[in-house]
Ligand code: GLY
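Residue numbers (the numbering used here): 13 to 476.
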């Protein structure tokens with residue numbers, strides 16, 4: 013955790029941005045796996061942690077934007093709780109640690125909020141992403157669950173995203189520390205990779221590294237010879253010589269910040285020429301996008317640098333024909349890379365995505381999104397100094413998508429579908445690093461490089 017002053021300053025800034033009303037920030041509770049006392053690994057809500065620090069279940073924070081009063085709500089442990097969980101700090105102590113003057117039992121929260129509502133005051137809250145939180149907000153405010161999403165505060169949503177997007181020096185230091193876990197995870201996978209091993213064995217080892225050096229994985233590990241399946245969580249394959257293994261994985265540090273990297277490499281440790289040709293294009297897209305980054309540039313321009321490199325590279329292989337502009341206009345970029353180039357990185361692996369563009373009607377709030385230009389609306393995102401984002405281009409050969417494009421006559425005369433036939437079983441390649449936007453451009457997160465150049469990859473794969 014950071015100092016009490018850090019959290020106090022963040023809350024004061026949030027209060028200044030919101031102006032009036034109450035700001036309700038519920039923390040996450042435990043989430044049962046199959047019965048109440050057997051819960052999933054606990055994860056605090058990142059926005060609660062950003063403003064109130066603590067990573068403990070069943071807390072809620074309230075900031076009165078008019079008066080500046082702040083309170084942490086939660087229940088002190090009873091002796092019964094202590095028998096199972098050991099002694100814990102009181103809620104008053106927890107509040108004091110993050111510079112909050114008042115602490116109250118959870119039962120007081122509903123009364124305080126309803127009192128504010130009765131006085132005609134607005135209660136600002138973010139759109140919940142867990143069912144339990146939707147029910148909690150519904151009960152606290154006396155509204156039916158179906159109304160909870162519609163009554164969220166757009167002011168709060170943009171204010172939180174704008175604040176969380178730009179990382180302070182102490183946050184950047186945490187992100188640099190989180191890199192070390194990602195480095196260990198990926199080099200473990202690369203060293204273990206060899207024909208005959210199972211994906212499961214390697215994925216298990218990778219997850220073990222995340223747990224050994226931090227709180228665990230920052231998202232479910234993607235480790236598969238079917239790299240063309242973007243978020244492939246199936247690890248049932250046995251590694252075969254001649255195929256590629258894609259590993260997209262990250263760890264969460266105990267400091268609350270995360271890493272997210274992807275590497276793709278030949279199972280037998282040697283790229284074929286065909287694999288290498290595609291790999292070098294993806295690597296060039298990765299490098300060109302990173303080199304293009306400048307503070308105040310639009311995300312779309314950053315993304316364009318990667319898509320253009322990919323299309324140019326595929327033209328050189330005669331998979332795409334004609335001008336790059338025509339190919340992009342016709343949708344060839346989507347055919348080969350059906351995902352965005354990057355997303356925010358911070359306390360969440362898709363930082364602030366719970367309050368992202370899918371959580372509000374973009375067309376109704378387009379002007380607002382343009383004015384904010386923060387990470388939650390990628391079409392209007394303007395990169396700032398201190399923004400951290402992923403750089404993850406890929407080239408995928410997805411048979412179903414190729415067939416769909418061809419059947420619909422898309423990219424006719426642009427995509428060489430005959431040539432593409434020989435890539436149907438190629439799979440996919442993605443390469444990903446995390447970038448910090450600096451005054452001069454971009455810095456790749458980390459003090460080392462997870463092997464990425466062909467010769468460096470070939471030097472590590474299979475070398476245990
Ligand atoms: N690297 C995982 C993701 O972007 O979702």
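The beta-carbon is built from N, C-alpha and C at its ideal position, and this holds for glycine as well.
Ligand 1 heavy atom lying under 8 Å from the CB of residue i
i: residue 272; result: yes
i: residue 174; result: no
i: residue 191; result: no
i: residue 441; result: no
i: residue 234; result: yes
i: residue 260; result: yes
i: residue 456; result: no
i: residue 292; result: no
i: residue 361; result: yes
i: residue 355; result: yes
i: residue 231; result: yes
i: residue 402; result: yes
i: residue 444; result: yes
i: residue 238; result: no
i: residue 243; result: yes
9 Å Cβ cutoff met for residue i and residue j
i: residue 404; j: residue 326; result: no
i: residue 173; j: residue 384; result: yes
i: residue 235; j: residue 201; result: yes
i: residue 394; j: residue 311; result: yes
i: residue 414; j: residue 441; result: no
i: residue 273; j: residue 262; result: yes
i: residue 307; j: residue 449; result: yes
i: residue 222; j: residue 204; result: no
i: residue 177; j: residue 368; result: no
i: residue 300; j: residue 321; result: yes
i: residue 269; j: residue 194; result: no
i: residue 251; j: residue 288; result: no
i: residue 208; j: residue 219; result: no
i: residue 155; j: residue 142; result: no
i: residue 283; j: residue 466; result: yes
i: residue 34; j: residue 94; result: no
i: residue 183; j: residue 257; result: no
i: residue 425; j: residue 334; result: yes
i: residue 26; j: residue 63; result: yes
Residue i, enclosing beta strand (DSSP E) - first and last residue
i: residue 277; result: 273–278
i: residue 451; result: Segment: none, residue 451 is in no beta strand (DSSP E) and carries neither H nor E.
i: residue 442; result: 440–442
i: residue 258; result: 256–261
i: residue 401; result: 400–403
i: residue 408; result: 406–408
Integer-rounded CB distance, given that residue j should sit under 8 Å from residue i
i: residue 85; j: residue 134; result: In fact, because the Cβ distance is near 19 Å, the residues do not count as touching under 8 Å.
i: residue 137; j: residue 68; result: That pair is no contact at about 20 Å.
i: residue 80; j: residue 19; result: Actually they do not touch by this definition, with Cβ atoms about 14 Å apart.
i: residue 478; j: residue 125; result: The structure shown does not extend to residue 478, since the chain is modelled only from 13 to 476, so the question has no answer here.
i: residue 446; j: residue 400; result: 6 Å
i: residue 112; j: residue 72; result: In fact, because the Cβ distance is near 12 Å, the residues do not count as touching under 8 Å.
i: residue 304; j: residue 296; result: So it is not a contact: roughly 12 Å between Cβ atoms.
i: residue 107; j: residue 114; result: 7 Å
i: residue 439; j: residue 240; result: 5 Å
i: residue 417; j: residue 329; result: Not confirmed; about 17 Å, so no contact.
i: residue 427; j: residue 332; result: 6 Å
i: residue 230; j: residue 361; result: 4 Å
i: residue 443; j: residue 464; result: 6 Å
i: residue 386; j: residue 363; result: Their Cβ separation, rounded to whole angstroms, is 11 Å, which puts residue 386 and residue 363 out of contact at 8 Å.
i: residue 456; j: residue 302; result: 7 Å
Range of the contiguous alpha helix (DSSP H) that encloses residue i
i: residue 380; result: 378–384
i: residue 294; result: 285–304
i: residue 414; result: 411–419
i: residue 181; result: 181–204
i: residue 327; result: 311–328
i: residue 116; result: That residue, residue 116, is in no alpha helix (DSSP H); its beta strand (DSSP E) goes 114–116.
i: residue 106; result: 103–109
i: residue 424; result: It is not in any alpha helix (DSSP H) - residue 424 carries neither H nor E in the DSSP assignment.
i: residue 96; result: 91–97
i: residue 337; result: 336–342
i: residue 175; result: 166–177
i: residue 430; result: 429–432
i: residue 467; result: 466–472
Within-9 Å CB hit, residue i to chain E
i: residue 261; result: Any reference to chain E falls outside this structure, which holds one protein chain only.
Whole runs of the beta strand (DSSP E) within the stretch 211–237, excluding any shorter than 3 residues: Qualifying beta strand (DSSP E) stretches, in chain order: 234–236.
Taking only runs that begin and end inside the stretch 21–84, name each unbroken alpha helix (DSSP H) of 4 or more residues, in chain order. The stretch 21–84 contains these whole alpha helix (DSSP H) runs: 58–64.
Ignoring anything shorter than 4 residues or poking outside the stretch 118–158, list the alpha helix (DSSP H) runs there in chain order. Whole alpha helix (DSSP H) segments, 4+ residues: 119–130, 143–153.
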